[in-house]
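Going by this note's numbering, the first residue of the sequence shown is number 183, and it counts up by one from there.
We put the CB at the ideal spot given by N, CA and C, even for glycine.
Predicted model only: the values in this text are computed from it and were never measured.
These notes concern the structure reproduced below.
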Amino acid sequence: MTHRSVPVARSRRLAPVAVAALLAAFVVPVLAAEPANAATPLRTLAAAKNKFIGFAAATGPLANESAYRTIAQTEFSQITPENAMKWDSTEPSDNQYNFSGADQIVTFAAANNQVVHGHTLVWHSQTPSWVQSLSASAMRTAMNDHIATVVGHFASNPVVQSWDVVNEVFDENGGYRSSFWYNTLGSGFIADAFRAARAADADAKLCINDYNVEGINAKSTAMYNLVNTLKGQGVPIDCVGLQTHLSTQYGFPGDMQQNIARFAALGVTVRITELDIRIPTPRTAAKDATQAQYYTNVVNACLAVSACTGITIWGFTDKYSWVPDTFPSEGAALIYDENYQVKPSYTAVNTALGGSPNNDTTAPSAPSNLAASGTTSTSTTLSWTASTDNVGVTGYDILRAPGTSGGTFAVVGSSTTTSFTNTGLTAATSYRYQVRAKDAAGNTSAVSNTVTVTTSGGTGDTTAPSAPSNLAASGTTASGTSLSWTGSTDNVGVTGYDILRAPGTSGGTFAVVGTSTTTSYADSGLSAATSYRYQVRAKDAAGNVSAVSNTVTVTTLSGGGTGGCSVTATVQTSWGNGYVMDPVTVKNTGTSSITGWTVTFTLPAGHTISGSWNGTVTVSGQNVTVKPVGWNSTVAPGASVAFGFQVSRPNGDTSTASGFACTTP
Ligand code: 9MR
């Protein structure tokens with residue numbers, strides 16, 4: 183075969199029905215799945231360190247074992263297909279592609295908010311024999327077509343973010359591995375493979391991957407030199423994969439962190455791609471402890487270099503591991519045992535990532551600012567401010583009680599975010615909600631504030647409440663006033679009132695200054711000796727708003743500090759050429775007794791005072807000053823005294839004295 187023509191399956195996607203079926207098969211609700219231990223999940227801890235933590239997935243147990251799936255989705259944020267994306271799986275015969283296993287894993291990852299690292303495009307192993315015997319030009323074409331088709335299959339899927347483009351191209355001495363790729367195409371196949379991968383997916387991160395390159399040695403230095411050269415040539419290489427298949431009998435590569443750092447300095451990221459740490463079987467506590475220390479060392483090396491993006495463990499349960507098949511007297515290389523129980527190595531990884539597995543007794547803080555919005559006749563959406571926790575919040579319980587008081591709060595749902603939509607509610611009905619936070623160890627926070635929700639009276643309620651009436655003000659002080667009114671009526675119930683206020687005695691604009699769920703409202707923070715107008719309007723659960731009530735005008739009292747006073751003048755009677763003002767009330771608006779007060783006012787032109795009582799009157803032009811007569815000089819806080827006077831005015835003049843003001847000494 184000298185020429186291959188392969189249709190590039192860029193747009194080949196799962197049909198929606200197939201996606202739904204796979205989702206139904208593989209989604210495990212986060213909060214329904216209790217981890218096998220009470221630790222904060224590795225993925226939560228790793229995310230807080232800005233790293234991924236992943237595992238190599240085997241398609242069989244992923245499809246068939248719920249214990250495997252539960253740990254897979256609870257603990258890990260990243261998946262590498264252990265075998266399902268290799269050439270023998272994806273293109274077993276020339277141009278015969280099969281993505282069943284690969285799609286299964288990608289679908290599981292998508293359902294569980296995980297990312298996938300593609301493994302691997304060009305490798306000397308697990309590549310069908312039909313490829314290995316091709317001529318140079320046919321092999322190059324086969325390689326390019328394979329990369330275009332496999333990478334292209336996932337290029338528009340945001341779950342698949344990176345690829346091992348070439349795998350294990352070096353020998354242990356730092357020379358190129360004598361593979362059929364190298365022997366047929368020379369080392370140029372490496373750059374060609376990267377270029378083909380970039381052409382198939384402009385966004386995917388493209389990696390070179392190998393084993394025994396964790397420390398600084400001849401092989402890792404050859405890899406370092408190649409990456410440097412490729413970058414210098416503009417070849418699209420983004421990352422380096424350190425497989426990290428370690429064995430406790432060979433010692434830990436103590437310069438792993440420095441090795442990661444030197445690759446990072448080349449401008450590539452580094453991944454720990456296939457971590458496992460085998461021990462001579464059978465397990466003992468001492469061997470487990472050594473293994474746990476190795477896991478700790480690997481996590482710490484990655485954490486120490488920001489360019490190390492994360493760690494993929496090559497499986498997670500000793501039930502499924504390549505190690506015993508390859509090294510007959512070694513095994514138990516992973517962090518869970520064959521029965522899905524955590525091992526000391528799990529605890530080591532969890533702890534190194536910042537967790538406190540199995541001994542956390544600190545509850546999260548209570549959620550706050552719980553609020554409801556978007557309430558309809560059947561649903562409402564709650565949102566709140568997140569809780570904090572020493573090892574991370576895993577979710578929230580949503581609690582609901584019936585009515586506006588009484589009853590019992592019961593859990594009606596859960597959320598892993600800071601919002602929740604409660605559906606299935608009854609129209610025109612009140613409910614109270616609270617939320618509480620949980621952590622992975624099962625610690626539960628105190629409940630949040632309570633929010634009361636009233637559903638609307640069924641779809642299509644457009645009837646506004648009646649306008650509130652009899653709005654009145656009382657208890658006005660220098661800085662506040664109390665409003666009350668007669669309640670509105672509504673076909674599905676009034677949920678509350680808006681309080682509107684405008685400045686002065688006329689003009690200006692009414693704006694909402696508060697709300698009330700009762701028929702009264704206390705407004706505060708007002709300026710002394712200032713006039714305001716108020717109105718109220720009613721609302722119902724569907725958002726219908728009534729017309730406004732009558733307007734009430736309020737003038738705050740003057741002063742407000744100790745010993746202030748106010749004056750209110752009333753025209754008692756008037757006739758053609760005169761009038762009486764009585765009482766002219768002087769009130770102590772302060773908090774302590776006043777001794778002495780001065781009222782001033784202005785007479786219209788032609789008006790003269792013809793008599794007065796209970797006040798000492800001085801007139802200067804049209805300006806009048808009134809002081810106490812003696813016995814009414816001292817006024818207790820909140821108490822009043824009064825005086826009066828009579829005025830003569832021109833015949834037919836109906837004006838009266840004005841501009842009354844009161845001051846204290
Ligand atoms: O874990 C993989 C195992 O199931 C396969 O049988 C084996 C075939 O070569 O490949 C194993 O994974 C390898 C990975 O793809 C590349 N690095 C070495 C891994 C362990 O052999």
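Here Tyr502 has Ala240, Pro243 as same chain residues with Cβ atoms under 7 angstroms from its own Cβ, once five neighbours each way along the sequence are excluded.
The residues Leu665, Ile681, Gly696, in chain order, have a CB closer than 7 angstroms to that of Tyr703 in the same chain once the five nearest residues on each side in sequence are set aside.
Three or more Cβ pairs drawn from the stretch 253-266 and the stretch 278-294 lie within less than 8 angstroms of each other, which places the two stretches in contact. Per DSSP, Asp285 lies in no beta strand (DSSP E) segment; the continuous alpha helix (DSSP H) that holds it begins and ends at 282-293. For Asn349, the distance from the CB to the nearest heavy atom of ligand 1 is below 7 angstroms. Distances between the C-beta of Trp504 and the heavy atoms of ligand 1 include at least one below 7 angstroms. With fewer than 16 other beta carbons inside 10 angstroms of its own, Thr790 counts as exposed. Counting along the chain, the unbroken alpha helix (DSSP H) around Arg225 starts and ends at 224-230. Using a cutoff of 7 angstroms, the CB of His301 counts as near ligand 1, since one of the ligand's heavy atoms is closer than that. Between ligand 1 and the CB of Ser307, the shortest heavy atom gap is smaller than 7 angstroms. Per DSSP, Glu354 has no beta-bridge partner at all. When only Cα atoms are considered, Pro462 and Gln439 end up about 26 angstroms apart. Straight across, the Cα-Cα distance linking Asn805 with Ala553 is about 58 angstroms.
Between the C-alpha atoms of Asn391 and Thr451 there is a straight-line separation of about 12 angstroms.
No heavy atom of ligand 1 is found nearer than 7 angstroms to the CB of Glu512. Here the alpha carbons of Glu512 and Pro506 stand approximately 6 angstroms from one another. For Asp705, the enclosing beta strand (DSSP E) stretches over residues 702-705. The stretch 366-384 and the stretch 330-338 touch, with three or more beta-carbon pairs separated by less than 8 angstroms. Taking all protein chains shown into account, Trp305 has 16 or more neighbouring C-beta atoms within 10 Å of its C-beta and is therefore buried. The C-beta distance from Ala660 to Thr771 rounds to 6 angstroms, short enough to fall under 8 angstroms. As the crow flies, the alpha-carbon of Ser706 is around 27 angstroms from that of Ser648. In this structure, the alpha-carbon of Gly492 lies about 37 angstroms from that of Ala318.
Under the 8 angstroms Cβ criterion, the stretch 513-529 does not count as touching the stretch 592-600, having fewer than three qualifying pairs. Glu257 sits in a helix when the DSSP states are folded into three classes.
CA-to-CA, the gap between Ser527 and Val297 works out to about 24 angstroms. Comparing C-alpha distances from Ile495 to each of Ile329, Val481, His328 shows the shortest one belongs to Val481. The Cβ atoms of Ser630 and Arg614 lie no closer than 8 angstroms to each other.
For Gly778 and Ser651, the gap between their C-alpha atoms comes out near 41 angstroms. By the Cβ neighbour-count rule, Gln616 is buried, with 16 or more other Cβ atoms within 10 Å of its own.
Note that the C-beta distance between Ala375 and Leu303 is below 8 angstroms.
Only buried fits Val817, as 16 or more other CB atoms lie within 10 angstroms of its CB.
Collapsing the DSSP output to three states places Tyr279 in coil. Residues Thr780, Thr782, Thr800 of the same chain have their beta carbon placed closer than 7 angstroms to that of Thr807, with the five preceding and five following residues left out of the count. Within the same chain, and ignoring the five residues on either side of Leu581 in sequence, the residues whose Cβ sits closer than 6 angstroms to its Cβ are Phe591, Val593, Gln616.
Not one heavy atom of ligand 1 sits closer than 7 angstroms to the Cβ of Tyr477. Taking the CA atoms as reference points, Leu412 sits about 44 angstroms from Gln523.
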